[in-house]
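Here the working numbering runs 83 ahead of the position in the sequence shown, where the first position is 1. Cβ coordinates follow ideal geometry from the N, Cα and C atoms, glycine included.
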Amino acid sequence: MRRMFPRSRLTLILGTGLCLLFVPVAAVLTTTSAAGSSPTLYEAEDATLTGVTVESSMPGFSGSGYVTGFDESTDEVTFTILDSPGGLHDLTIRYATPYGQKHATLLLNGSGMGEVVLTEVEGWATVAAGRLNLRPGENTVTIRSNWGWYHIDAITVAPSPEPPPHQVTADLANPNASPSTRALMRYLVDHYGRNILSGQQDYESIEWLRGNVGRLPAIAGLDMMDYSPSRVERGATSREVENAIDWDARGGIVTFCWHWNAPTGLIDEPGREWWRGFYTDATTFNVAEALADPTSTEYQLLLRDMDAIAAQLQRLEDADVPVLWRPLHEAEGGWFWWGAHGPEPARQLWRLMFDRFTNYHHLDNLIWVWNSASPEWYPGDDVVDIVSSDHYPPVGDHGPLSGAYQRLVELGGDRKLVALTETGSIPDPDELIAYRADWSWFVTWSGSFIEDGQYNPLDFLQRVYNHPYVITLDELEDFKNWPDTTPSGPPSSPSESPTAEPTDSVPPISGSPSQPVKGCSVTYRIIIQWPGGFHGEVIVTNTGSVPIDGWTVQWAFTDGQTITHIWNATLTSTSPVTVQSVAYNSRLDPSASTTFGFLGTYQGANSVPAVICIAS
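Next up, the structure:
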């Protein structure tokens with residue numbers, strides 16, 4: 084691309100902004116064509132500077148220098164674009180990040196346009212920063228400090244090409260996904276680019292919307308946080324699964340994140356309390372070391388925690404609730420322990436969870452939502468259904484976040500849906516349409532972000548929730564039975580385990596030459612134990628020749644152990660311990676097995692008890 088200089092009026096503000104130097108218009112070089120008719124490069128050193136300075140000590144810059152000194156929240160560089168024909172234009176920023184990854188805030192004509200991530204690079208690099216909907220004539224583009232401590236060399240503005248039709252697919256990573264889960268995915272794909280679904284985090288904030296806006300979101304955002312074993316051990320309880328079942332009964336869509344309290348290594352001191360254990364600075368847990376050794380205690384605790392959450396997700400599958408499942412969110416930020424040691428452990432942990440939930444627990448109600456736009460962190464198309472990111476623009480910024488949207492489109496090759504899974508300020512629906520930023524849905528974070536009137540003023544919320552582009556709860560269609568409109572017809576039914584009926588034709592087992600029999604066996608094992616506590620697991624197997632429609636397991640602890648939490652089964656008695664099947668695992672075909680787990684306490688010894696199994 085040849086370098087072109089636009090006609091521009093520039094104002095230079097030095098230092099803190101107390102000294103102003105006005106550059107005469109006659110001193111500015113001009114382009115050979117109007118801005119917007121071809122790609123145009125604008126040098127930062129020629130722009131309007133506030134609180135920043137021009138330097139030339141880092142080699143490789145274009146022009147006569149670059150702009151640096153972004154160390155205060157008001158520091159900025161403003162580029163003036165003259166004689167624009169208007170319309171959508173692509174913005175590219177040339178930058179350097181000698182101090183690691185940073186974020187910059189963008190403004191167009193003084194209005195917020197979200198932020199752009201300046202990834203860590205050696206030397207100079209460019210980043211696609213989204214689209215600009217320029218008005219005819221003069222426009223300004225501002226890069227404001229945000230995280231700061233980066234260099235800006237130049238920007239390029241080029242007319243946006245006409246976007247091709249989306250190529251997104253409704254195919255899911257789990258080929259055995261349930262019918263309602265596949266139908267929900269088809270519903271989302273069919274509305275992609277035509278509408279955006281509204282969403283709100285937390286039931287209390289959803290209720291606030293009902294009382295103050297008079298409408299409800301299509302999507303309820305919920306959290307598996309308080310089902311984390313290291314929180315349960317400390318008395319945490321949750322009703323989020325019940326909330327999800329209730330929301331599904333009301334015709335709504337459910338999405339879950341998981342603020343995963345670290346399995347162990349909680350620091351638990353003022354400012355880093357145990358309940359902040361999902362933060363990197365509140366735990367000593369090292370996910371890279373845990374994943375490197377599958378025989379380690381830490382690795383087994385990862386599995387323990389996944390199994391505990393799988394039990395809750397199984398409750399939702401049993402209730403036919405499809406879930407937009409978004410674990411390991413914001414990993415690349417590093418502020419959560421699952422992203423604290425770089426992209427490789429995060430990718431590995433995602434793939435481990437996908438395998439554990441899909442192939443071990445056979446959870447078929449999950450749509451897997453990845454939550455990062457960085458290619459280095461992406462775990463792979465084969466384990467991701469939807470790509471997403473979280474954004475919290477400054478107060479008053481209701482821009483379309485087009486840069487973030489475009490990065491996600493590129494990440495998924497435009498074959499994955501793109502979602503705005505957390506936001507502080509809701510994008511203006513009119514801006515979304517104008518910018519063709521086709522977010523599938525948004526979820527506004529809870530508390531002050533929805534209620535304080537600053538991030539989302541009430542009149543703005545009223546406009547959003549009554550906008551024809553925005554789908555609310557009352558406008559949701561029957562997404563759990565959404566038809567397949569692809570030319571090839573409906574997908575094949577998910578594979579199911581064969582179900583044998585108790586008939587005389589069932590082959591007899593040894594010792595019973597003519598009569599089919601019922602029976603079951605159990606394997607009790609201690610997965611992991613720590614001082615005063617342990618994770619136990621029991622495998623129930625149908626040893627008979629006909630299916631069983633229920634089972635009961637019983638044992639007596641001999642060392643004073645107690646069960647504090649159980650999943651995949653119901654504890655009906657503690658002395659002796661009596662555990663019964665639940666609806667989704669009561670039926671077992673011959674030779675089939677199911678597993679339930681529990682957390683317990685002990686003092687002194689923790690011997691394995693004698694266990695019996697009774698088939699129903």
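Q) How about the segment 519-537 and the segment 215-231: do they share at least three Cβ pairs that are nearer than 8 Å? A) At 8 Å Cβ cutoff, the stretches do not touch.
(Q) Helix, strand or coil for N192? Go by DSSP, reduced to three states. (A) Locating residue 192 in the sequence shown gives position 109, counting from the first residue. It is coil, neither helix nor strand.
Q. Around the Cβ of R277, are there at least 16 other Cβ atoms within 10 angstroms (buried) or fewer (exposed)?
A. Taking the first residue of the sequence shown as 1, we reach residue 277 at position 194. For R277, the number of other beta carbons within 10 angstroms of its own is below 16, and it is reported as exposed.
**Q.** For F162 and Y382, the rounded distance between their alpha carbons
**A.** Start at 1 with the first residue of the sequence shown, and residue 382 comes out as number 299. Start at 1 with the first residue of the sequence shown, and residue 162 comes out as number 79. Between Y382 and F162, the C-alpha separation is close to 51 Å.
**Q.** Given D672 as reference, the closest of T202, C603, V467 once Cα atoms are compared
**A.** Counting from one through the sequence shown, the residue named residue 672 turns up at place 589. Checking every option, the nearest Cα to that of D672 belongs to C603.
Q: Counting only the same chain and skipping the five closest in sequence on each side, list residues whose C-beta sits under 6 Å from that of P252.
A: Numbered from 1 along the sequence shown, position 169 holds the residue referred to as residue 252. With the sequence shown as reference, residue 252 is identified as Thr, and Pro is not the correct amino acid for it. Excluding residues up to 5 positions away in sequence, R498 lie with their Cβ nearer than 6 Å to the Cβ of T252 in the same chain.
Q) Can you pull the DSSP bridge partners for K185? A) Taking the first residue of the sequence shown as 1, we reach residue 185 at position 102. The partner list for K185 (beta bridge, DSSP) reads L201.
Q: Go to Q545, then tell me how far its alpha helix (DSSP H) extends in each direction, as first and last residue.
A: One-based indexing of the sequence shown puts residue 545 at position 462. For Q545, the enclosing alpha helix (DSSP H) starts and ends at 541-548.
Q: Grab me the residues of I592's own chain with a C-beta within less than 6 Å of its C-beta, minus the 5 sequence neighbours each way, in chain order.
A: Along the sequence shown, one-based indexing puts residue 592 at 509. Below a pLDDT of 50, predicted positions are generally treated as unreliable, and I592, at 28, falls in that range; the measurement from the model is reported next regardless. So the list reads S628, once near-sequence residues are dropped.
Q.
Measuring straight from C-alpha to C-alpha, what distance separates A266 and R546?
A. Position 183 of the sequence shown, counted from the first residue, corresponds to residue 266. Position 463 of the sequence shown, counted from the first residue, corresponds to residue 546. Between the alpha carbons of A266 and R546 lies a distance of about 30 Å.
Q | Buried versus exposed call for A332 [16 or more other C-beta atoms within 10 Å across all chains shown] | A | The residue given as residue 332 occupies position 249 in the sequence shown. That one is exposed.
Q | Same chain only: Cβ atoms within 6 Å of Q637, ignoring 5 sequence neighbours per side | A | Along the sequence shown, one-based indexing puts residue 637 at 554. Within the same chain, Q637 has close Cβ partners P659, T661, I695.
Q) Are the beta-carbon atoms belonging to D388 and W343 less than 8 Å from one another? A) Locating residue 388 in the sequence shown gives position 305, where the first residue counts as 1. Locating residue 343 in the sequence shown gives position 260, where the first residue counts as 1. Result yes, Cβ atoms of D388 and W343 sit closer than 8 Å.
Q.
Quick check on the DSSP output: what are the complete alpha helix (DSSP H) runs of length 4 or more inside the segment 215-291, in order along the chain?
A. Whole alpha helix (DSSP H) segments, 4+ residues: 262-274.
Q. Which of helix, strand or coil does DSSP assign to T320?
A. Counted from its first residue, the sequence shown places residue 320 at position 237. Here T320 sits in coil by DSSP.
Q: Keeping to the same chain, check which residues put their C-beta closer than 6 Å to that of E643; ignore five residues upstream and five downstream.
A: Mapped onto the sequence shown, residue 643 falls at position 560. Contrary to the premise, residue 643 reads as Gly rather than Glu in this sequence. Only Q686 meet the Cβ criterion.
Q.
For a minimum of 4 consecutive residues, which ranges assigned as the alpha helix (DSSP H) are wholly contained in the segment 419-502?
A. The segment 419-502 contains, as complete alpha helix (DSSP H) runs of 4+ residues, the segments 426-438, 485-494 (chain order).
Q. With C-beta atoms as the reference, is D473 less than 8 Å away from W451?
A. On the sequence shown, position 390 is the one that residue 473 refers to. On the sequence shown, position 368 is the one that residue 451 refers to. Taking 8 Å as the Cβ cut-off, D473 and W451 do not qualify as a contacting pair.
Q: Compare the beta carbon distance of P462 and R434 with 8 Å and say whether it is the shorter of the two.
A: Indexing the sequence shown from 1 puts residue 462 at position 379. Indexing the sequence shown from 1 puts residue 434 at position 351. Yes, these two residues count as a Cβ contact at 8 Å.
Q) On the three-pair Cβ rule with 8 Å, is the segment 187-201 touching the segment 245-263? A) Contact between the segment 187-201 and the segment 245-263 is absent: fewer than 3 CB-CB pairs across the two stretches fall below 8 Å.
(Q) Check whether chain B comes within 8 Å of A429, counting only Cβ atoms and requiring the distance to be less than that. (A) Note that chain B does not occur in the displayed structure, where there is just one protein chain.
**Q.** CB contact flag (V324, R439, <8 Å)
**A.** Counting from one through the sequence shown, the residue named residue 324 turns up at place 241. Counting from one through the sequence shown, the residue named residue 439 turns up at place 356. Not closer than 8 Å, so no.
Q) When the Cα atoms are used, what is the spatial distance from V605 to E203? A) Here the question's residue 605 lines up with position 522 in the sequence shown. Here the question's residue 203 lines up with position 120 in the sequence shown. Roughly 53 Å between the two C-alpha positions.
Q: Please state if the CB of S288 and the CB of L171 are separated by a distance shorter than 8 Å.
A: Sequence index remark: in the sequence shown, residue 171 carries index 88 (1-based). Sequence index remark: in the sequence shown, residue 288 carries index 205 (1-based). Cβ atoms of L171 and S288: not closer than 8 Å.
Q: Determine which residues share a DSSP beta bridge with N625 and list them.
A: Numbered from its first residue, the sequence shown carries residue 625 at position 542. The secondary-structure analysis by DSSP pairs N625 across a beta bridge with C603.
**Q.** Collapsed DSSP secondary structure at E138 in the structure displayed
**A.** Residue mapping note: residue 138 aligns to position 55 of the sequence shown, counting from 1. Strand at E138.
Q | Stretch-stretch touch, CB-based, cutoff 8 Å, three pairs: the segment 501-508 with the segment 474-481 | A | Touching, per the Cβ criterion.
Q) So what does DSSP say about F679, is it helix, strand or coil? A) Sequence index remark: in the sequence shown, residue 679 carries index 596 (1-based). In the three-state DSSP reduction, F679 falls in the strand class (E or B).
**Q.** DSSP bridge partner residues for Q663 (one or two, in chain order)
**A.** On the sequence shown, position 580 is the one that residue 663 refers to. Beta bridge pairing from DSSP links Q663 with T635, T653.
Q. Can you give the Cα-Cα distance for A130 and A237, rounded to whole angstroms?
A. Translated into positions along the sequence shown, residue 130 becomes position 47. Translated into positions along the sequence shown, residue 237 becomes position 154. About 9 Å.
Q.
For a test of the three-state rule: what should DSSP assign to Q686, helix, strand or coil?
A. Reading the sequence shown from its first residue, position 603 is the one you call residue 686. When DSSP states are grouped into helix, strand and coil, Q686 belongs to the coil group.
Q: State the start and end residues of the unbroken beta strand (DSSP E) segment that holds I164.
A: Taking the sequence shown and counting its residues from 1, one reaches residue 164 at position 81. Residues 159-167.
**Q.** Extent of the continuous alpha helix (DSSP H) to which E126 belongs
**A.** For the purposes of this step, residue 126 is taken as the residue at position 43 of the sequence shown. Where E126 is concerned, there is no enclosing alpha helix (DSSP H), although the beta strand (DSSP E) it sits in stretches over 123-126.
**Q.** Reduced DSSP secondary structure (H/G/I, E/B, other) of P581
**A.** The count along the sequence shown starts at 1 and reaches residue 581 at position 498. Confidence at P581 is low in this model, with a pLDDT of 28, below 50, so the placement of that residue should be treated as unreliable; the coordinate-derived value is given next. Coil, per DSSP.
Q.
Closer than 7 Å to a non-hydrogen atom of the ligand SAM - does that hold for the CB of E505?
A. Only the bare structure without any ligand can be found here, which leaves the ligand SAM out of the picture.
Q | Neighbourhood of F437 by C-beta, 6 Å cutoff - its chain only, sequence neighbours within 5 removed | A | Working through the sequence shown from its first residue, we reach residue 437 at position 354. Exclusion of the five residues before and after F437 leaves V466 as the residues of its chain whose Cβ lies within less than 6 Å of its Cβ.
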